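With UniProt numbering, letter number 15 in the sequence shown gets 15, and the count goes up by one each step, no holes.
Note that CB positions come from ideal geometry on N, CA and C, so glycine has one too.
Bear in mind that the values here come from a model prediction, so they are computed numbers and not experimental data.
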Amino acid sequence: MYTPLLHTHWLLAILVLLTIAVGVLKFASGYFGKKSFGKLDDKLSLFGLIFAHLQLVVGLVLYFVSPLGFKAFETGEAMSNAALRFYSVEHIAINIIAIVVITIGRAGIKRKTTDAAKFRHVLMYFTVGFLLLLTRVPWERLFELPGA
Numbered sequence: 001m002y003t004p005l006l007h008t009h010w011l012l013a014i015l016v017l018l019t020i021a022v023g024v025l026k027f028a029s030g031y032f033g034k035k036s037f038g039k040l041d042d043k044l045s046l047f048g049l050i051f052a053h054l055q056l057v058v059g060l061v062l063y064f065v066s067p068l069g070f071k072a073f074e075t076g077e078a079m080s081n082a083a084l085r086f087y088s089v090e091h092i093a094i095n096i097i098a099i100v101v102i103t104i105g106r107a108g109i110k111r112k113t114t115d116a117a118k119f120r121h122v123l124m125y126f127t128v129g130f131l132l133l134l135t136r137v138p139w140e141r142l143f144e145l146p147g148a
């Protein structure tokens, strides 16, 4: 069960990062180019949200079955070992915050009345969420297939 979850988490990480990055670029282009907030922009923010939430669900399940997640607290080394602390505390906490920020960004689109306000809102929140995600990606493991 652990290896398929790890593979899924890895694939979703790529999808989330790509979707949110493309979204940030598209939203910046729309905001600074004074474009109208269209269906593509709405769908892009929706897919970013969906992929982020799927990643969160898979990540939470993985957290409870992985030796690097919740089980790291059983040994008492979670806070004294930097690598264990990264996965058992920092990675999950910051990524949950990032997904909450992205969710707020997507939800706020509905309450904005002008295209500029929609672009500005989603751009700010998706950018902050994206930057938070980037700080807690295990870069040394991202481009290697888990279990390979």
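Own chain residues within Cβ distance below 7 Å of residue i, not counting five before or after
i	result
Leu5	Val58, Val61, Leu62, Val65
Proximal residues to residue i (C-beta, below 6 Å), its chain only, five neighbours per side dropped
i	result
Lys35	none
Val122	Phe27, Ser45, Gly105, Ile109
Val24	Phe126, Thr127, Phe130
Alpha helix (DSSP H) segment containing residue i, residue limits
i	result
Leu54	39-65
Met124	115-135
Tyr2	2-32
Glu74	72-75
Ala98	91-108
Leu84	82-85
Residue i classed as buried or exposed, judged by whether at least 16 other C-beta atoms fall within 10 angstroms
i	result
Phe119	buried
Phe32	exposed
Gly48	buried
Residues near residue i by beta carbon distance below 8 Å, same chain, minus five either side
i	result
Gly69	Leu62, Tyr63, Tyr87, Ser88, Ile92
Ile96	Leu56
Note to self: Taking 8 Å as the cut-off, does the region 125-133 touch the region 5-21 (at least 3 CB pairs, one atom from each stretch)?
What the structure shows: yes
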